[in-house]
Structures are given as structure tokens and as C-alpha cells.
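A.B. asks:
In my numbering, the protein residues as written are 15 to 225.
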């Protein structure tokens with residue numbers, strides 16, 4: 015019984031680590047947005063040059079990746095006070111994921127080392143199941159109604175309506191179409207599924223090796 019509890023806890027930690035790392039990776043993976051600039055016709059829809067769009071997007075990503083307290087300042091786009099507050103709240107959420115990713119990697123590495131010494135690998139099987147179950151449920155909601163999922167997520171994450179931007183006062187929303195966020199969600203889900211598959215394959219390989 016004690017072993018099952020330990021394996022379950024280890025699986026939960028590893029699953030949360032996979033999710034957190036997937037979120038941080040997607041945040042830092044700028045090529046996704048660069049590809050969407052033309053795929054979603056952002057320059058044509060906004061009237062901004064691709065260079066200007068990239069410049070402002072890069073500043074936003076640098077801000078969210080940083081652990082510092084430097085204020086967000088777009089090089090060529092205006093920003094309202096409510097917009098500034100919203101981005102600060104977004105950064106707080108990303109900071110949480112960054113801390114979870116760092117702490118999770120360290121704890122998971124220690125746990126994997128200890129489990130390997132004991133030659134116990136059930137946690138990998140449990141992680142594989144947990145890590146694929148969550149994307150399956152979320153992916154279903156995204157596939158059925160992305161707009162509803164997007165709005166619901168914001169209602170859960172924020173206790174105000176500052177995320178509803180007015181393009182007149184916060185033109186940055188013009189270069190961040192909803193479809194791009196859907197692509198981000200799909201990339202996160204894909205990374206989590208990949209983590210699930212890796213855990214499952216490693217578990218099977220280790221079990222075969224034991225036999």
C-alpha cells in the first residue's frame with residue numbers, strides 16, 4: 015500500500031512537471047507565432063509591418079519569461095492601465111508555471127534516481143496514463159467549442175474583466191488573434207502527450223529488461 019502511494023505521488027509530481035515544462039516551452043517557442051504572423055494574415059488585418067509585430071511580440075515574451083519586476087513597455091504600441099494590470103497578472107501565472115517547472119524537474123530527477131535504484135517503475139506507467147488523460151479531456155473541450163473554452167479559462171484564471179481588451183486603447187490585442195492562442199493550446203497538449211508517450215515507452219522498455 016505504501017509503495018502504491020509513493021508511486022502515485024511520484025506520478026502526480028512528474029505529470030505536473032510535464033505540464034509546467036510544456037507551458038513554459040510553448041511560451042518561449044517564438045517560431046509558432048512567427049509562422050502565424052503570415053498564416054493568420056496579421057499584417058494585412060492590422061496594417062502593421064511584420065517587423066513591428068515581431069518587435070512588440072518579442073518584448074511581451076521577454077517580459078513574461080523574465081523573473082524581474084521591470085515594467086512592460088511596448089516599443090510602438092499604446093497600453094492602458096487595465097491592460098498593464100492584466101499583463102502583470104498573466105506574468106504572475108507564468109511565473110508560477112516557471113517555478114513549478116524548475117522545482118518539478120529537480121524533484122522528479124531525485125525521485126527517478128531513487129526509484130531507479132530500487133528498480134521500481136510503476137510511477138512511469140501511472141504518469142503515462144495521467145499525462146494523456148488531461149490532454150484528452152481538455153482537447154475535447156477545445157475541439158467542441160474553442161471560443162467557450164477560451165472564455166471559460168479566462169474567467170477561471172482572472173477575477174476581473176481586464177482581459178477583454180479595447181483595440182483603441184490596447185492595440186496589442188490586434189496582433190494576438192484567438193486562433194494563435196488555440197495553436198498555443200494545441201502545442202501544450204501535444205507536448206504533454208509526448209511526455210506521456212515517452213514515459214510509457216520507457217516503462218515498457220524497463221519492464222522488458224527486467225524480464
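Ideal Cβ placement from N, Cα and C applies to all residues, glycine included.
Here the structure is a predicted model, which is why all the values come from computation and not from measurement.
Quick check: the segment 25–32 against the segment 128–146, are there 3 or more CB pairs under 8 Å?
C.D. replies: Counting Cβ pairs under 8 Å, three or more are found: they touch.
A.B. asks: Please determine, among 45, 126, 97 and 32, the residue with the shortest C-alpha to C-alpha distance to residue 206.
C.D. replies: Out of 45, 126, 97 and 32, 32 has the C-alpha closest to the C-alpha of residue 206.
A.B. asks: Taking the beta carbon of residue 101 as the centre, do at least 16 other beta carbons fall within 10 Å, making it buried, or is it exposed?
C.D. replies: By the 10 Å Cβ count, residue 101 comes out buried.
A.B. asks: Report the three-state DSSP secondary structure of residue 129 (helix, strand or coil).
C.D. replies: If DSSP states are grouped into helix, strand and coil, residue 129 belongs with the helices.
A.B. asks: Looking at the secondary structure, which residues open and close the alpha helix (DSSP H) in which residue 51 lies?
C.D. replies: Per DSSP, residue 51 belongs to the alpha helix (DSSP H) from 44–53.
A.B. asks: Below 8 Å, can you find three or more Cβ-Cβ pairs linking the segment 64–75 to the segment 84–97?
C.D. replies: Judged by Cβ distances under 8 Å, the segment 64–75 makes contact with the segment 84–97, as three or more pairs qualify.
A.B. asks: Going by DSSP in three states, residue 61 sits in which element: helix, strand or coil?
C.D. replies: Three-state result, residue 61: coil.
A.B. asks: If residue 46 sits next to residue 201, beta carbons under 8 Å apart, how far is it from one beta carbon to the other, in whole angstroms?
C.D. replies: Going by Cβ atoms, the distance from residue 46 to residue 201 rounds to 6 Å, so yes, they are a contact pair.
A.B. asks: Between which two residues does the alpha helix (DSSP H) containing residue 141 stretch?
C.D. replies: Looking at the DSSP string, the run of the alpha helix (DSSP H) that includes residue 141 is 136–158.
A.B. asks: Looking at C-alpha atoms only, which residue of 81, 35, 208 and 218 is the closest neighbour of residue 150?
C.D. replies: It is 208.
A.B. asks: So, residue 233 versus residue 217, is the Cβ gap smaller than 8 Å?
C.D. replies: Outside the displayed range of the chain (15 to 225) lies residue 233, so it cannot be described from this structure.
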